[in-house]
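Below is one structure, written out as structure tokens, with a few remarks after it.
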Amino acid sequence: MASDVANVFIFIGLTFTFLIIVRILVYVVNHSMRLQRLSANVLNGLRVGIRILGFIAIILLLFTLFEVPSSALISISSVGGIFIGFASSEVMAQIVSGLYLISARPFGIHDFVKIDDVSGMVMEINLSHTIIQQIDGNIVKIPNKTILDSKIKNYTIKVPSEIEKRQIHLKRSEKVKLKHINPEGARKGKIDWNKLRLILDDLTEFAFEEEITRFVFDFEVDLDIPPEVVKEKIEDVCSNYEPVFEHKPQYKLIDLSARATFEIVIYCFSPFIIIHNYDSFLLDISNALYSKEEVDK
Amino acid sequence: MADPTLYDIFGQWLTSIWGNFPLESLGLEIPKFGLFLYLCIQIVIIVVYFLTNHFIRKKDVKFYKITPDLLNGLRFIIRIIVTIISVVFLIIFLHFEADSIWLILGIFTTAIAFASIKTVNNLIAGFWITLTRPFDVGDYVKIKEVEGIVTDISSNYTRIRHKTNNVTQIPNLECLKSKIINYTVDLEYYKSQIERLKVLAEQLAAPEGEVSDKLYQDIQSEIEEITQVRNEFEMIQDWLIGQKKGTSRETSIFVRKNKLVRYTFTLSLPREPETNAVKLDELCKKYREKFRITPDWKVVGMHYNIEYMFVIITPDPEDILEFYDDFLWDLYSVMNQ
């Protein structure tokens, strides 16, 4: 009985000592000239580390000084298990989502994607985040769980699997065979171009490519400019960019409310080239449409 | 049975005076005298509590040098202590069995555990962030809609200082769930870009005859451009080392070796691309001194106006807090000419 009371006092005393030691250490970390030379990150880590160590020390003290009955320990640990399970659910969800993204592959590394309102190239999928380089060069880190909850648009098309997907409803004999779709097959005349065109639509000319990025964006043009001039200018710019993207960008008029909205479709074998030329493409279009002589007319 | 403990002896004494309530069928033995004593003590506790509270509130706080913060904490702690004392007295004077105490304790711990799930979630999220490091202290970031310098990652909050010099504290759990734009880049960022472009150039050069000259030249010029930025990056590193020996302008504590802030923002400007280009080039050149690498601009969209994106590269994240407003003012006056 007496030892119990003594233990309580020892516990309280030691706990205070530990807390004071932690305080002193944190103070030292904050004010030591020598430690200030370390980066702010290391200092931050040190502070958090010291606090956690203090906390662990107090808990260990509690268990060594008082002999907690084993049944109580079990009940506490089972409640604690549930508690920790619930508490770390957010972190666990991130890890599981990361594994899911890597295995289900809605997109791969170096694909050009649009996730909610972030569009750019996937640089890395790690356990917690997917790292995307946006068109403007910024690095965006999206939590994997957020990606699972949001809609994903993948601009990068894997052509062979796309061919298979598009003729999945056809009978075996009607299908265009994948093994024939290569330059050699074309030379031997084994490809039924009409059928392939029906299946692949605008992707027909890329049938031999391994993968193709089909990037779509839109811009608006003032209705003051006569339509034939707009058409001529956009056509000009698109043909100028044919050597850059290796394929001529396509354009469509998609809306006429207040301003004319055009949609540009760029086909290119590498998303990297699109990212690096997107801004100059837009600059050329704006220069062509709103140049001084054009406004003067 | 082992020797009777103090608690048992005390219980027998309580029962011996007025006896128990007739609740044996429920398995409870509540001594009447114990209840009486408990009620008396409880009244004393409540009176003392109100008196202390009154004392704390009425006395001149400034005289005792108690800050409002401390006062608030003090009152909170007093309230908790009073509750705990009341519960302890309740257990002692009503003489509860050891088993039922464990039961009550179990219920309480479960309740507390469930109630504090969010808090501990936050704590674990804090560990996770320090572990995976989507951003570091001193980085210029945008988390959700909050943009600024990360000044501190604690176990519960991430503190961000933004352009108005206010500090926003974002719960770590929120950081874990939201998308993060990290404007701070290291040398690796440029290195990997150059690497990728070189690989691309090699790929293009491989099949003979198919190389389109414009594309190849384009990539080469791109490589040159990025290499230039990288060289400037290295120059800045040299400059930083010189800085440490005590020269020219002061830098903030957030300047780190091998780290640059590549900050971008968009603005829409009138539909006069040619005059815009001249003015913007002029402005960007002017700001070279302040940011050490010439700011750059790009066209990123065309809607009613033309949308321009500005890229500001500087080693010091505080430069952005400091000069963003100047930059906008100058842009304003330049556009107005």
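Chains as they are written, first to last, in our numbering: chain A, -2 to 294; chain B, 192 to 528. Think of the CB as a built atom: it goes at the ideal place given N, C-alpha and C, for glycine as much as any other residue.
What residues of chain B sit near Ile73 of chain A, judged by a beta carbon separation below 8 Å? Thr300
Do Arg256 of chain A and Leu220 of chain A come within 8 Å of each other at the CB atom, strictly closer than that value? yes
Margin query: Residues of chain A with CB closer than 7 Å to the CB of Glu463 of chain B, please, in chain order.
Written below: Tyr287
- Item | Classification of Phe241 of chain B by the beta-carbon crowding that lies within 10 angstroms, buried from 16 upward | exposed
Tell me whether Asp114 of chain A, by its Cβ, gets closer than 7 Å to a heavy atom of the ligand COA. Of ligands this structure carries none, so the ligand COA is not represented either.
Any beta carbon of chain A sitting closer than 8 Å to that of Tyr348 of chain B?
no
Tyr454 of chain B to Phe514 of chain B, Cα distance in whole Å? 12 Å
For this session: Could you name the residues of the same chain whose beta carbon sits closer than 6 Å to that of Phe163 of chain A, not counting the 5 residues immediately before and after it, in chain order?
Result: According to the sequence provided, residue 163 of chain A is Arg. The question's Phe does not apply to it. If we look at Arg163 of chain A and ignore the five residues flanking it on each side, its Cβ neighbours are Ile196.
Looking at chain A, is there any beta carbon in it that lies within less than 8 Å of the beta carbon of Trp204 of chain B?
no
- Over the uninterrupted beta strand (DSSP E) stretch that includes Arg447 of chain B, give me the two end residues. Here Arg447 of chain B belongs to no beta strand (DSSP E), and DSSP marks it neither H nor E.
**Selection from A:Thr61, A:Phe242, A:Val262, A:Glu239 that minimises the alpha carbon distance to Leu250 of chain A** = A:Val262
| said: If the criterion is Cβ atoms closer than 8 Å, does the pair Ser277 of chain B and Ile236 of chain B meet it? | reply: yes
- request: Identify whether Thr14 of chain A lies in helix, strand or coil by the three-state DSSP scheme.
  value: helix
| field | 8 Å Cβ cutoff met for Ile181 of chain A and Phe266 of chain A | value | For the sequence presented, residue 181 of chain A should be read as Glu rather than Ile. No, the Cβ-Cβ distance between Glu181 of chain A and Phe266 of chain A is not below 8 Å.
Legend entry - Where Thr310 of chain B sits in the DSSP three-state scheme: helix
**Request:** Look at the alpha carbon of Thr258 of chain A and the alpha carbon of Asn467 of chain B, and state the distance between them as a whole number of angstroms.
**Result:** 23 Å
* Asked: Just to confirm, are Ile122 of chain A and Leu62 of chain A a CB contact at a threshold of 8 Å?
  -> no
Near-chain B residues of the stretch 213 to 238 of chain A (beta-carbon distance less than 8 Å), N- to C-terminal order: Phe216, Glu217, Val218, Asp219
Name the chain A residues whose beta carbon is nearer than 9 Å to that of Tyr495 of chain B?
Glu217, Asp219, Ala255, Arg256
How should His28 of chain A be labelled, buried or exposed, when 16 other C-beta atoms within 10 angstroms of its C-beta is the threshold for buried? exposed
Is the CB-CB distance between Gly42 of chain A and Thr321 of chain B below 8 Å?
yes
Exercise for the section: For Glu207 of chain A, return the contacting residues in chain B, with the cut-off set at a CB-CB distance below 9 Å. Expected result: Simply none; closest approach about 12 Å.
Notebook entry, point to check: Which residues in the same chain have their Cβ closer than 7 Å to the Cβ of His353 of chain B, if we skip the five residues on either side of it in sequence?
Noted result: Val337, Glu338, Gly339, Thr359
- Query: Straight-line CA distance for Glu232 of chain A to Glu243 of chain A?
  - Reply: 16 Å
From Phe518 of chain B to Leu451 of chain B, what distance separates their C-alpha atoms? 19 Å
**Prompt:** Which residues in chain A sit within 7 Å of Ala392 of chain B, going by Cβ to Cβ distance?
**Reply:** The contacting residues do not exist; Ala392 of chain B stays about 11 Å from chain A at best.
Discussion item. What would DSSP say about Thr438 of chain B, mapped onto helix, strand or coil?
Written reply: Per-residue confidence for Thr438 of chain B stands at a pLDDT of 46, beneath the threshold of 50, marking its modelled position as unreliable; the derived number appears in the next sentence. The answer is coil: DSSP assigns Thr438 of chain B none of H, G, I, E or B.
message: Is there a Cβ of chain A sitting closer than 8 Å to that of Met192 of chain B, yes or no?
response: For Met192 of chain B, the pLDDT reaches just 47, beneath the cut-off of 50, and the residue's location in the model is therefore unreliable, although a value from the coordinates is still provided. Chain A, which has no Cβ nearer than 8 Å to the Cβ of Met192 of chain B, makes this no.
According to DSSP, is Ile511 of chain B helix, strand or coil?
helix
Note down, in chain order, all residues in the stretch 483 to 509 of chain B with a beta-carbon under 8 Å from any beta-carbon belonging to chain A.
Lys489, Val490, Val491, Gly492, Met493, His494, Tyr495, Ile497, Met500, Val502
Residues of chain A with CB closer than 9 Å to the CB of Val311 of chain B, please, in chain order. Phe80, Ile81, Phe83, Ala84, Ser85
Q. Does any residue of chain E bring its CB to less than 8 Å from the CB of Leu200 of chain A?
A. In the displayed structure, chain E is absent; the protein chains listed are A and B.
Within 8 Å of any Cβ in chain B, is that where the Cβ of Pro140 of chain A sits? yes
- Query: How do the stretch 360 to 372 of chain B and the stretch 131 to 144 of chain A stand: do at least 3 beta-carbon pairs fall below 8 Å, yes or no?
  - Reply: yes
Worksheet entry | Straight-line gap, Leu474 of chain B to Phe267 of chain B (C-alpha atoms, nearest Å) | 56 Å
* To do: Would you mind sorting Gly437 of chain B into buried or exposed? The rule is 16 or more other CB atoms within 10 Å of its CB.
  => Per-residue confidence for Gly437 of chain B stands at a pLDDT of 49, beneath the threshold of 50, marking its modelled position as unreliable; no derived number is given.
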